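Since the structure comes first, as structure tokens, the remarks are kept for the end.
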Amino acid sequence: MNFSILIFLFVAVLTTFAALVVVTNKNLVSAAMWLIVALFGAALTFVLLEATYIAVVQVVVYIGAIAVLIVFTIMLTRRSAEKEPSGATKQWPIAAVLSLALFSGLTYFYLTVPGTDRLAPVLDKELNMVSALGQLLVSPSGYVLPFELASVLLLAALIGSIVVAWRK
Amino acid sequence: MIPLAWYLIFAAAVFSIGLYGVLARKNIVAILMSIELMLTAININLIAFWRYSLDQGLAGQVFTIIVFAVSASEVAVGLALVISIYRRFKEISAEDINLLKW
Amino acid sequence: MQAYWVYIGIFLIVALGFPTIAVTLPALISPRKPNRRKQEVYECGIETKGNVRVQFKTQYYIYALLFLVFDIETIFLFPWAVSLGKLPLFAVIEGVIFIVILLAGLVYALREGALAWS
Amino acid sequence: MADLINVIENWLNKLLLGWGASPGLTQFILQALGSVLVVLICFMIVIALIWVERKLAGRIQDRFGPNRAGPFGIFQSFADIIKIFTKEYITPQGADKVTFNIAPVLAIASVLAIWAVFPFASNVIGADVNVGVLYIVAIGSFGILAILMAGWSSNNRYALLGASRSVAMLISYEIPMVVSLLIPVLLAHSMKLSAIIDTQRPWWFILVVPTAALIFLISSMAEIGKAPFDLLEAESELVAGYHTEYSGMKFGMFYVAEFLHQFTVGALITIFFLGGWTGPMAAHWPILGVIYFFGKAFLVYLVISWIRLSLPRIRIDEMLNLNWKFLIPVSFINLIGVAVADRILLDLEPPRWLYVAVMFVLNMLILLVALYLSGKSQPALEVEEFPHRPVAVSPRTEKSSS
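Chains as they are written, first to last, in the numbering used here: chain A, 7 to 174; chain B, 16 to 117; chain C, 2 to 119; chain D, 573 to 974.
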């Protein structure tokens with residue numbers, strides 16, 4: 007099906023472009039808006055990969071919550087963000103070379119290693135993914151420990167953030 | 016249909032861009048945003064491997080959800096530190112905050 | 002399954018396209034006579050002084066933070082709720098423990114007074 | 573006749589295939605037609621609702637409401653549309669133009685897109701995806717984003733303050749909303765909207781989990797952002813909130829989004845707690861199901877209007893306390909109670925009416941205990957006693973008394 011390839015290319019180009027703007031834009035709020043575009047592109051990729059639960063969760067968590075948190079923080083630290091003369095540090099060429107090297111290395115690796123040219127297998131139509139996910143998350147033979155640890159981690163993050171950021 | 020390598024290369028591109036942001040940006044909030052990009056690239060990789068793997072387990076999706084929790088905690092604490100640093104120094108440029116250098 | 006998502010995609014495009022048309026059409030027929038006075042920022046007739054993008058309180062951050070944490074909590078709880086019929090009782094209790102741990106965070110925030118509007 | 577919409581769909585399908593279109597293209601055209609139809613219906617509904625709302629507000633506040641354009645003023649909305657179409661757009665100085673223009677479109681699209689997954693009748697379902705409930709939550713988060721974008725790009729400090737206040741309120745009230753949405757999901761063991769409606773035959777979820785329904789109603793009223801939760805446009809404090817700088821149709825989009833949001837909330841409550849399209853004969857006559865669906869949604873809409881027209885605006889600290897100290901704890905405790913009770917009852921396999929009765933009693937118990945405890949923890953208001961004094965006293969009597 008050619009159609010899905012077209013959609014994939016569109017999503018990939020959009021996401022990559024948005025990511026580039028995020029790391030180069032000097033205006034922090036604009037960068038945050040483009041970050042939202044990039045994250046939405048990732049959600050579309052998840053839909054293409056038929057992980058629909060992950061796709062909606064990506065939108066709920068990143069666009070609904072994390073983006074709002076980031077924008078609020080930018081506005082809280084406004085004066086400093088506005089004063090900033092340029093977005094990049096002096097060693098940005100080194101960083102650019104490093105990340106380009108990483109990208110080309112990874113691409114070379116993916117194109118040469120066997121097995122990466124395979125196509126997606128057909129998903130089991132009967133499988134109710136969300137339900138299976140729920141059973142896996144709380145079953146002792148599955149991921150119950152990460153599940154409970156995640157709540158402890160979130161609690162720690164919550165209390166830690168309040169301790170650090172809140173001053174009466 | 017789309018071969019696995021395309022998704023992996025796409026994720027690698029987003030990851031490298033995020034890495035560039037982490038290394039080159041001055042502003043701490045911008046660095047945190049770049050880290051979000053990197054984590055998203057990781058998620059794309061995880062889901063792509065899940066989709067293209069032959070056994071029908073859901074480990075990839077579970078990992079992704081855990082990554083969501085971790086990245087949320089990371090961004091929460093990171094931004095709390097940003098606010099705290101800003102209150103102390105009136106400045107959130109990573110270059111100028113170098114008290115721990117020595 | 003995929004057909005539904007194609008439908009959602011088309012629907013999103015239509016839902017974005019309709020308002021776009023509705024917003025651009027008046028731009029073609031409505032008058033356009035901009036002047037300085039008209040384009041000034043609205044502030045009860047007084048000119049704006051100082052930087053417009055004011056700073057605001059930490060409270061907003063705290064609300065967004067709690068929202069983020071509970072949002073993550075719900076993404077763990079939705080699969081749990083969907084599969085509840087197939088789970089043994091102790092698995093349900095695990096979910097309850099998960100909720101209770103995070104409610105402790107809410108109690109902490111309330112005790113600290115971080116959620117009160119000052 | 574029984575199944576008008578599907579008959580038309582089949583007819584179109586055959587027609588297009590007969591013209592030589594490929595099955596994929598036919599499906600695409602049908603889906604596009606369907607979504608255009610739904611969006612058009614939404615706009616029509618809003619035009620009607622604006623008139624209904626203004627008339628109702630007029631009557632409740634002892635006025636006439638619109639009564640000039642046409643009989644009973646029913647053409648008032650059309651007159652307003654023509655007016656707003658010819659209004660000049662004003663972009664304030666220093667505004668971020670792109671964001672400023674995207675925000676109103678995004679605001680209404682974020683409400684419209686929710687309609688993609690609604691089941692209108694037993695066989696007239698949009699996209700029956702297996703993550704329907706979470707899809708609704710996800711789309712809702714774009715509305716928050718639109719407000720933030722509008723406030724930030726206006727380059728106006730009142731707009732920015734209004735936007736951040738509304739966003740803080742919206743995200744706060746989204747927590748109890750999502751948690752009370754978990755309860756229908758939990759009872760239906762599915763996130764598919766069609767499955768949730770199927771589980772509600774014959775007992776609607778409002779009878780099974782009234783507390784969740786109430787919390788959902790209150791928190792979605794806050795999400796709509798109209799009175800009594802309209803602090804974001806408290807005119808005396810914040811000018812008009814985040815859309816202070818908008819004019820013409822761009823303002824119109826925010827206005828329409830508000831009305832459509834209220835009706836959408838009516839539809840959501842219908843789906844999650846009032847049985848959706850179910851009703852007498854609806855399973856055999858899908859067209860009746862559509863009528864029931866819109867009728868119920870309209871009824872909930874009227875109830876919300878009634879509440880908001882009768883109550884004064886509440887203060888921001890009261891509003892936040894209501895959320896953090898009451899709605900969120902109660903909704904979580906309700907969730908825990910319903911989950912455990914549902915699991916235990918599933919094993920016991922009682923008759924359905926007993927199950928409903930137990931759930932109802934449990935919910936009411938949680939609600940009453942919570943109300944009692946919150947009443948106890950609040951210090952009683954001290955009412956100062958003033959000596960009785962007549963409002964107007966004629967000078968003669970005053971003189972004689974002294």
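For every residue, glycine included, the Cβ atom is placed at its ideal position computed from N, Cα and C. Fair warning: this is a prediction, and the values are worked out from it, not measured in the lab.
| Asked | Found |
| --- | --- |
| Rounded Cβ spacing between Ala44(A) and Ala18(A) (contact assumed at less than 8 Å) | Wrong, their Cβ atoms sit about 11 Å apart, outside the cutoff. |
| contact_flag[the region 158-167 of chain A, the region 74-85 of chain A] where n(CB pairs < 8 Å) is 3 or more | no |
| Helix, strand or coil at Arg33(C) [DSSP, three-state] | coil |
| Neighbourhood of Leu61(B) by C-beta distance below 6 Å, restricted to the same chain and skipping five residues each side | Gly75, Phe78, Thr79 |
| Buried or exposed by the 16-neighbour rule on C-beta atoms within 10 Å, applied to Trp975(D) | The first residue shown for chain D is 573 and the last is 974, placing residue 975(D) beyond what the model contains. |
| Contact under 8 Å by Cβ, Gly712(D) with Gly813(D) | no |
| Inter-residue spacing [alpha-carbon to alpha-carbon] between Ala162(A) and Tyr109(C) | 11 Å |
| Ala101(A) vs Leu38(B) beta-carbon contact at 8 Å | yes |
| Glu817(D) CB to nearest heavy atom of the ligand ATP below 7 Å | Among the components modelled here there is no ligand, and therefore nothing to report on the ligand ATP. |
| For Asn42(B), three-class secondary structure by DSSP | strand |
| Residue-level contact to chain B via CB, Pro152(A), 8 Å cutoff | yes |
| Cutoff 8 Å: Ser112(C) Cβ touching any chain D Cβ | The question names Ser, but residue 112(C) is Arg in the sequence shown. Output row for Arg112(C): interface = no. |
| Contacts around Gly723(D), its chain only, beta-carbon distance under 7 Å, and the 5 residues preceding and following it disregarded | Ala731, Leu732, Gly734, Ala735, Ser736, Tyr814 |
| Ala65(C) (DSSP reduced to helix, strand or coil) | helix |
| Whole-angstrom distance between Leu54(B) and Val677(D), CA atom to CA atom | 30 Å |
| Close beta carbons around Leu930(D), own chain, < 7 Å, minus the five adjacent residues each side | According to the sequence as given, residue 930(D) is Val; it is not Leu. Closer than 7 Å at Cβ, skipping near neighbours: Ala913, Leu917. |
| Rounded straight-line distance, which links the Cα of Val705(D) to that of Ile755(D) | 11 Å |
| Option nearest Tyr64(C) by Cα separation, candidates Gln64(A), Ile76(A), Val65(A), Val63(A) | Ile76(A) |
| Proximal chain B residues relative to Ser10(A), where beta-carbon distance stays under 8 Å | Met16, Ile17 |
| Close-in-space but distant-in-sequence residues of the same chain around Val610(D) (CB under 6 Å, 5 per side omitted) | Trp687 |
| C-beta neighbour in chain D for Val17(A), strict 8 Å | no |
| Closest residue to Gln633(D) among Trp925(D), Ser882(D), Ile888(D), Val910(D) (Cα-Cα distance) | Ser882(D) |
| Span of the alpha helix (DSSP H), counted from its first residue to its last, around Ala735(D) | 729-760 |
| Proximal residues to Val683(D) (C-beta, below 6 Å), its chain only, five neighbours per side dropped | Ala829, Leu832, His833, Thr836 |
| Cα-Cα separation between Met573(D) and Val579(D), rounded to whole angstroms | Any answer about Met573(D) is weak, because its pLDDT of 45 lies below 50 and its placement is not dependable; what the coordinates show is given next. Cα to Cα, the separation comes out at about 8 Å. |
| Assigned exposure category for Gln97(A) - 16 Cβ within 10 Å defines buried | exposed |
| Whole-angstrom distance between Ile674(D) and Ser31(C), CA atom to CA atom | 19 Å |
| Identified DSSP bridge partners for Pro691(D) | Ile697(D) |
| Beta-carbon proximity list for Ile617(D), same chain, < 7 Å, skipping 5 on both sides | Phe835 |
| Given 8 Å, three or more beta-carbon pairs between the region 591-603 of chain D and the region 7-19 of chain C | yes |
| Distance, Trp118(C) Cα to Ala685(D) Cα | 34 Å |
| Given Ile908(D) as reference, the closest of Phe657(D), Trp776(D), Val781(D), Gly715(D) once Cα atoms are compared | Val781(D) |
| Neighbour-count burial assignment, Met58(B), 16 or more Cβ in a 10 Å radius | The residue you asked about is not Met; residue 58(B) is Asn in the sequence shown. So Asn58(B) ends up on the buried side. |
| Beta-carbon contacts of Ala699(D) that lie in its chain and below 6 Å, excluding the five residues immediately before and after | Ala688, Val689 |
| Min CB distance Leu125(A) to chain B below 8 Å | yes |
| Check whether Trp849(D) and Ala693(D) have beta carbons under 8 Å apart | yes |
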